[in-house]
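Engineer:
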Amino acid sequence: MELYDAIFYRKSIEFYSTKPITESLMKEVKKLCSNITYLNSNLNIKAHVIDRGHLINFSTRNKIQIKAPHYILITSNKGENYLENIGYALQGVTLEMACLGLGTTWLKCMLTRDEVEEFVNLDKIKDKDESEIEYPQAIIAFGYPQEGEALFRSSSAIHDRHKMKHICKTYDEKWFNALNALRVAPSINNCQPWTLEERENGFDLFENEHKKRLELDKYSKISMGIALKHFEIGCKHDNINIEYRKFDVQDKRRKVYFISVLEKSM
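Residue numbering for the sequence shown follows the working numbering, starting at 1050 and increasing by one per position.
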């Protein structure tokens, strides 16, 4: 399965088998997590593979939403757009894992840095500014789905997403596949917080504000990065070369500017 196809067939797994994945698959997962890429080079995002899932369950006092045999713990310092970069970096990993036949689920992280240091080696904080210190930010559960739980959607149709005209009113048809890939991206509480506005040779991407921001805000920003990764994969599928730029774009009413995507000139 290609990554573009995985966008439409991957789904979040609710129930996992307790059976550990094979050693060869675990090596592939660790390789993926050790080679993540993201947009802001000043960030220090890491994907720690926790092959003994009980460590996460114990540390969260079994309050984690989804029980799985394995987890990926994502840590990062708090630089510019660090949450969006986390979503961008790790959604590529979840799609690659779907192609390997593994289920994944994005989860909220309730762990503190002190709790994480019990089983993960973090950078020492001595002589570091607050903006340089890495903290746990999100968790991804992974493994084989429990018997009876399908790994993929039964159909590529996704009925609980906004229609295209809701997220982008005008666009050239060459962008349709990329926009559709973004449209079906997973998001916290399925809030689908993205709006795009067409500009010359591309789009400005905005995050919609929420009436109840607090807890939703952090994971909404991660969702924005996930959507951006989907858009990028859709562009690659159609051989559209893109670049990311930051412009002096004014925020709109209840919409906050994130980034612009431009087609590279030949």
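The beta carbon of each residue, even a glycine, is placed where N, CA and C say it ideally should be.
So, does the stretch 1191-1198 touch the stretch 1246-1254, judging by three or more C-beta pairs under 8 Å?
Structural biologist: Verdict: no, contact absent.
Engineer: Between residue 1187 and residue 1271, which are expected to be in contact by the criterion C-beta below 8 Å, what is the C-beta distance as a whole number of angstroms?
Structural biologist: For this step, residue 1187 is matched to residue 138 along the sequence shown. For this step, residue 1271 is matched to residue 222 along the sequence shown. Residue 1187 to residue 1271, Cβ: 6 Å. Contact.
Engineer: Just to check my reading of the structure: residue 1308 and residue 1254 have Cβ atoms closer than 8 Å, yes? What is that Cβ distance to the nearest angstrom?
Structural biologist: For the purposes of this step, residue 1308 is identified with residue 259 of the sequence shown, where counting begins at 1. For the purposes of this step, residue 1254 is identified with residue 205 of the sequence shown, where counting begins at 1. Correct: roughly 5 Å between the Cβ atoms.
Engineer: Near residue 1124, which residues of its chain fall below 6 Å by C-beta distance, leaving aside the five closest residues on each side in sequence?
Structural biologist: Along the sequence shown, read from residue 1 onward, the residue named residue 1124 stands at position 75. So the qualifying residues of the chain are 1095, 1183 and 1185.
Engineer: Here's the rule I'm using: 16 or more other beta-carbon atoms within 10 Å means buried, otherwise exposed. How should residue 1050 be labelled?
Structural biologist: By one-based count along the sequence shown, residue 1050 stands at place 1. That one is exposed.
Engineer: Using only the alpha-carbon positions, how far apart do residue 1139 and residue 1281 sit?
Structural biologist: Looking up residue 1139 in the sequence shown gives position 90. Looking up residue 1281 in the sequence shown gives position 232. Cα-Cα distance, rounded: 14 Å.
Engineer: Considering residue 1307, what are the terminal residues of the beta strand (DSSP E) in which it resides?
Structural biologist: Against the sequence shown, residue 1307 aligns to sequence position 258. Segment 1304-1312, the beta strand (DSSP E) holding residue 1307.
Engineer: I'd like the span of the beta strand (DSSP E) that includes residue 1061, first residue to last.
Structural biologist: Mapped onto the sequence shown, residue 1061 falls at position 12. Run containing residue 1061: none; DSSP gives neither H nor E here.
Engineer: For residue 1294, which beta-bridge partners are listed by DSSP?
Structural biologist: The count along the sequence shown starts at 1 and reaches residue 1294 at position 245. According to DSSP, residue 1294 bridges with 1309.
Engineer: Quick one: what's got a C-beta closer than 6 Å to residue 1165's C-beta in the same chain, skipping five residues either side?
Structural biologist: Locating residue 1165 in the sequence shown gives position 116, where the first residue counts as 1. Correct list, in chain order: 1185.
Engineer: Three or more beta-carbon pairs under 8 Å between the stretch 1215-1224 and the stretch 1151-1170, yes or no?
Structural biologist: The answer is no - the stretch 1151-1170 does not touch the stretch 1215-1224, with fewer than three Cβ pairs under 8 Å.
Engineer: Do residue 1065 and residue 1316 come within 8 Å of each other at the CB atom, strictly closer than that value?
Structural biologist: One cannot answer for residue 1316 here, as it falls past the ends of the chain, which runs 1050 to 1315.
Engineer: Residue 1252 by DSSP, collapsed to three states: which one?
Structural biologist: Along the sequence shown, one-based indexing puts residue 1252 at 203. Of the three classes helix, strand and coil, the one that applies to residue 1252 here is strand, per DSSP.
Engineer: Which residue or residues does DSSP assign as beta-bridge partners of residue 1125?
Structural biologist: Indexing the sequence shown from 1 puts residue 1125 at position 76. Paired residues: 1184.
Engineer: Starting from the C-beta of residue 1277, find all residues in its chain whose C-beta is less than 6 Å away, skip the five residues before and the five after it, and write them out in chain order.
Structural biologist: Along the sequence shown, read from residue 1 onward, the residue named residue 1277 stands at position 228. Cβ within range, chain order: 1137.
Engineer: Do residue 1242 and residue 1229 have their CB atoms nearer than 8 Å?
Structural biologist: As a working mapping, residue 1242 is identified with position 193 in the sequence shown. As a working mapping, residue 1229 is identified with position 180 in the sequence shown. Result no, Cβ atoms of residue 1242 and residue 1229 do not sit closer than 8 Å.
Engineer: Going by CA-CA distance only, name the one from 1284, 1285 and 1251 that's closest to residue 1294.
Structural biologist: Residue 1294 sits at position 245 when you count from the first residue of the sequence shown. Nearest of 1284, 1285 and 1251 to residue 1294, Cα basis: 1251.
Engineer: By Cβ distance below 7 Å, which residues in the same chain neighbour residue 1067 in space, the five residues on each side in sequence not counted?
Structural biologist: Counting from 1 along the sequence shown, the entry for residue 1067 is found at position 18. Excluding residues within five positions, the ones whose Cβ falls inside 7 Å are 1118.
Engineer: Would you kindly report the start and end of the unbroken alpha helix (DSSP H) that includes residue 1199?
Structural biologist: For the purposes of this step, residue 1199 is taken as the residue at position 150 of the sequence shown. Taken as a continuous stretch (DSSP letters only), residue 1199 belongs to no alpha helix (DSSP H), as it is neither H nor E.
Engineer: Tell me which residue opens and which closes the beta strand (DSSP E) that residue 1152 is part of.
Structural biologist: To locate residue 1152, count along the sequence shown from 1; it is residue 103. Residue 1152 -> beta strand (DSSP E) spans 1152-1157.
Engineer: Kindly list the residues whose CB is nearer than 7 Å to the CB of residue 1237, restricted to its own chain and excluding five residues on each side of it in sequence; keep chain order.
Structural biologist: For the purposes of this step, residue 1237 is taken as the residue at position 188 of the sequence shown. Result list for residue 1237: 1265, 1268, 1269 and 1272, in chain order.
Engineer: Evaluate residue 1113 with the Cβ neighbour count: other Cβ atoms within 10 Å of its Cβ, from every protein chain shown; 16 or more gives buried, anything less gives exposed.
Structural biologist: Taking the first residue of the sequence shown as 1, we reach residue 1113 at position 64. It counts as buried.
Engineer: Using the Cα positions of residue 1054 and residue 1084, report the straight-line distance between them to the nearest angstrom.
Structural biologist: Here residue 1054 is taken as the residue at index 5 of the sequence shown, counted from 1. Here residue 1084 is taken as the residue at index 35 of the sequence shown, counted from 1. C-alpha separation (whole angstroms): 22 Å.
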